[in-house]
Amino acid sequence: MSHSSMIRGALACALLGVALSASAQVPAIFKGADLKLGEKLIAEHKCNQCHAQKWADGGQAIYRPQGRVNSPARLVAMVEQCSTQMNLGLFPEDVAAVAAVLNQNHYKFKN
Numbered sequence: 001m002s003h004s005s006m007i008r009g010a011l012a013c014a015l016l017g018v019a020l021s022a023s024a025q026v027p028a029i030f031k032g033a034d035l036k037l038g039e040k041l042i043a044e045h046k047c048n049q050c051h052a053q054k055w056a057d058g059g060q061a062i063y064r065p066q067g068r069v070n071s072p073a074r075l076v077a078m079v080e081q082c083s084t085q086m087n088l089g090l091f092p093e094d095v096a097a098v099a100a101v102l103n104q105n106h107y108k109f110k111n
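Per the UniProt record's numbering, the sequence shown starts with residue 1, numbered consecutively.
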């Protein structure tokens with residue numbers, strides 16, 4: 001085996017390890033969630049604009065670590081509550097997708 005082949009193999013293993021490590025840190029409740037769908041739904045339903053209008057700080061207070069959303073399950077419940085209150089008609093997979101995006105971008109809950 002050539003030196004360059006060994007380096008490429010080691011690099012591939014290292015990258016795979018990083019990818020597996022990152023995916024292992026995603027809470028189980030968000031595994032398999034469609035992040036692209038979540039981003040699309042957040043934009044389509046103007047979630048950010050609505051939250052920015054409701055709170056003086058532009059909606060950032062909802063992302064505080066000491067806030068009401070303090071676990072992955074609570075995040076899913078809050079997205080479900082918003083869907084119900086706003087009559088969005090989100091399906092469970094939609095709720096999971098939106099919650100997964102919010103977790104990735106703001107809450108950062110780990111397994």
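C-beta: ideal position from N, C-alpha, C; glycine also.
Legend entry - Assigned secondary structure, Pro27 (DSSP; H/G/I helix, E/B strand, else coil): Residue state, collapsed to three classes: coil.
Inset, instruction - Return the Cβ separation of Ser83 and Leu90 in integer angstroms, given the expectation that the two are a contact with Cβ distance under 8 Å. - result: Indeed, because the Cβ distance is near 4 Å, the residues count as touching under 8 Å.
Legend entry - Distance, Gly58 Cα to Asn103 Cα: Distance from the CA atom of Asn103 to the CA atom of Gly58, rounded to whole angstroms, is 18 Å.
Inset, instruction - Assuming Gly38 and Ala77 form a contact by the criterion Cβ under 8 Å, report the distance between their Cβ atoms to the nearest whole angstrom. - result: With 8 Å as the limit, Gly38 and Ala77 do not qualify as a contact, their Cβ atoms being about 16 Å apart.
Inset, instruction - Pull up the distance between the alpha-carbon of Ala56 and that of Arg64, whole angstroms please. - result: When rounded, the distance between both Cα atoms is 14 Å.
Legend entry - Same chain only: Cβ atoms within 7 Å of Ala33, ignoring 5 sequence neighbours per side: Excluding positions up to five away in sequence, the list reads Ala96, Ala97 and Ala100.
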